[in-house]
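> For the sequence shown, the working numbering assigns the number 307 to the last residue and increments by one with no breaks.
Every residue gets a Cβ at the ideal spot worked out from N, C-alpha and C, and that includes glycine.
Right, I'll just put the structure down here and ask away after.
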Amino acid sequence: MSQSPNDISVQDQEQIASFADSLWMHDGLSQHTLDSYRTDLTLFARWLKEQNLNLLEVNGEALQDYFSFRYDKKYSSRSTARLLSCLRRFYGYLLEQNLMTTDPTAKIAAPKLGKPLPHTLSESDVEKLLAAPDQEDELGIRDLAMLELMYASGLRVSELINLEFSQLSLVQGVLRVVGKGSKERLVPFGEAAMAAIENYLKKSRSLLLGSKVCDSLFLSKRGQKMTRQTFWYRIKHHAQQAGITKHLSPHTLRHAFATHLLAHGADLRTLQLLLGHSDLSTTQIYTHIAKERLKTIHGQHHPRG
3 MSQSPNDISV QDQEQIASFA DSLWMHDGLS QHTLDSYRTD LTLFARWLKE
53 QNLNLLEVNG EALQDYFSFR YDKKYSSRST ARLLSCLRRF YGYLLEQNLM
103 TTDPTAKIAA PKLGKPLPHT LSESDVEKLL AAPDQEDELG IRDLAMLELM
153 YASGLRVSEL INLEFSQLSL VQGVLRVVGK GSKERLVPFG EAAMAAIENY
203 LKKSRSLLLG SKVCDSLFLS KRGQKMTRQT FWYRIKHHAQ QAGITKHLSP
253 HTLRHAFATH LLAHGADLRT LQLLLGHSDL STTQIYTHIA KERLKTIHGQ
303 HHPRG
């Protein structure tokens, strides 16, 4: 089925466009998120049109009917939860604009989601991974600096590869990170990461840069900004060298950073700030990982486990 916005009324098109513009101006959401919201609202508006309704005529009953329709079409709980989040923001916006007097989403319950736990590594596995890069090779020196920094700071891969010199303070041991929605946060890192970065700057970066000019902190072997794909390839390479057979993802060290901090007594609020999560509920998933890890250790080592 075509997803052209022309399938819906001009009024609904204008409301969706106005809402997306407001999100872009005030919340700084990514283009991907804005496109997802537009798609969800357009699909909803098209269904409403078949019911001889528009977005401003929606009530709780119409919403329940739409969610029943989605259930019959076997949409996932996760996509339905995303849609409900979108609709709540949309109708909140319409209320602020005095275009509606009641919120049709107010009594709609969110579907329960079984959140998958992210894959992580034990502390001993992290030590093996960090010991893998060859420190006689400029790429190995660079890789260790990136891995140490990611584990020390919990950066997302995109944040790591987009780092520039102006965001790094080796004197203070702090990064100024630009995260999702262009939100900035300050993230500390420790002595091991600092030593690895200093070694990279001293021995490796100038060799990789050659005669080029690049503000990126971490460079590819061609002297350009590192890509996500290249970094992911390097992680897998070093994990294989270290004999690590567990499932990995590009964010494995970010997950390890979070779970190991919790295991050593960090509180969730602090972890939320360090990870750059806008919602504490996103951070809480790491408490489940920590609990599962404790259960495993108990089962392995307690005499009555």
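Leaving out the 5 sequence neighbours to the left and right, which residues in its chain are closer than 6 Å to I214 when beta-carbon positions are compared?
Here residue 214 refers to the residue found at position 212 when the sequence shown is read from its first residue. Note on residue identity: the sequence assigns Lys, not Ile, to residue 214. Once the five neighbours on either side are set aside, the close Cβ partners of K214 are G225.
> My understanding is that Y93 touches T82, with C-beta atoms under 8 Å, so please give their C-beta distance in whole angstroms.
Here residue 93 is taken as the residue at index 91 of the sequence shown, counted from 1. Here residue 82 is taken as the residue at index 80 of the sequence shown, counted from 1. Between T82 and Y93 the Cβ distance is about 16 Å, and since that is not below 8 Å, they are no contact.
> If S155 and F191 are in contact, beta carbons under 8 Å, what's the gap, nearest whole angstrom?
Along the sequence shown, read from residue 1 onward, the residue named residue 155 stands at position 153. Along the sequence shown, read from residue 1 onward, the residue named residue 191 stands at position 189. Right, the Cβ-Cβ distance comes to about 5 Å (below 8 Å), so this counts as a contact.
> Quick check on the burial criterion: 16 or more other C-beta atoms within 10 angstroms. Buried or exposed for Q66?
Counting from one through the sequence shown, the residue named residue 66 turns up at place 64. Label assigned to Q66: exposed.
> Thinking C-alpha only, which one of Y68, H34, L36 and N54 is nearest F2?
For the chain, the structure presents residues 3 to 307; residue 2 sits outside this window and is missing.
> Tell me, to the nearest whole angstrom, how far the beta carbon of F259 is from that of Y153; I am working on the premise that it is less than 8 Å.
Taking the first residue of the sequence shown as 1, we reach residue 259 at position 257. Taking the first residue of the sequence shown as 1, we reach residue 153 at position 151. Cβ-Cβ separation between F259 and Y153: approximately 6 Å, consistent with a contact (criterion under 8 Å).
> What residue from A64, N100 and E125 has the CA that sits closest to K109's CA?
Position 107 of the sequence shown, counted from the start, is the residue given in the question as residue 109. Of the candidates A64, N100 and E125, the one whose C-alpha sits nearest the C-alpha of K109 is A64.
> Could you give the distance in angstroms between the alpha-carbon of I18 and the alpha-carbon of R72?
Reading the sequence shown from its first residue, position 16 is the one you call residue 18. Reading the sequence shown from its first residue, position 70 is the one you call residue 72. Each residue's Cα considered, the two are about 20 Å apart.
> If you scan the segment 27-52 from start to end, which runs of the alpha helix (DSSP H) of 4 or more residues do you find wholly inside it?
33-52, all fully within the segment 27-52.
> Would DSSP call E2 helix, strand or coil?
Only positions 3 to 307 of the chain appear in this structure, which leaves residue 2 out of reach.
> Report the CB separation of Y202 from R144 in whole angstroms; it is logged as a contact under 8 Å.
Walking along the sequence shown from the start, residue 202 turns up at place 200. Walking along the sequence shown from the start, residue 144 turns up at place 142. Between R144 and Y202 the Cβ distance is about 5 Å, and since that is below 8 Å, they are a contact.
> Applying the criterion that 16 or more other CB atoms from any shown protein chain within 10 Å of the CB defines a buried residue, is Q99 buried or exposed?
Within the sequence shown, residue 99 is the residue found at index 97, counting from 1. Per the 10 Å Cβ criterion, exposed.
> How should M148 be labelled, buried or exposed, when 16 other C-beta atoms within 10 angstroms of its C-beta is the threshold for buried?
Sequence index remark: in the sequence shown, residue 148 carries index 146 (1-based). Per the 10 Å Cβ criterion, buried.
> Tell me which residue opens and which closes the alpha helix (DSSP H) that V159 is part of.
The residue given as residue 159 occupies position 157 in the sequence shown. First-last of the alpha helix (DSSP H) with V159: V159 to I163.
> Which whole-angstrom value describes the C-beta separation of T254 and T122, a residue pair presumed to lie in contact below a C-beta threshold of 8 Å?
Along the sequence shown, read from residue 1 onward, the residue named residue 254 stands at position 252. Along the sequence shown, read from residue 1 onward, the residue named residue 122 stands at position 120. Between the beta-carbon of T254 and that of T122 there is about 6 Å, and that keeps the pair under the 8 Å contact cut.
> Is it right to say T247 is buried, meaning 16 or more other beta carbons lie within 10 angstroms of its own, or is it exposed?
As a working mapping, residue 247 is identified with position 245 in the sequence shown. By the neighbour-count rule (16 or more Cβ atoms within 10 Å), T247 is not buried but exposed.
> In or out: I299 buried (at least 16 other Cβ within 10 Å) or exposed?
Position 297 of the sequence shown holds residue 299. Low per-residue confidence applies at I299: pLDDT is 49, beneath 50, and the placement is therefore not dependable enough to give any value.
> Could you give the distance in angstroms between the alpha-carbon of L211 and the alpha-carbon of K204?
In the sequence shown, residue 211 corresponds to position 209, counting from 1. In the sequence shown, residue 204 corresponds to position 202, counting from 1. Each residue's Cα considered, the two are about 12 Å apart.
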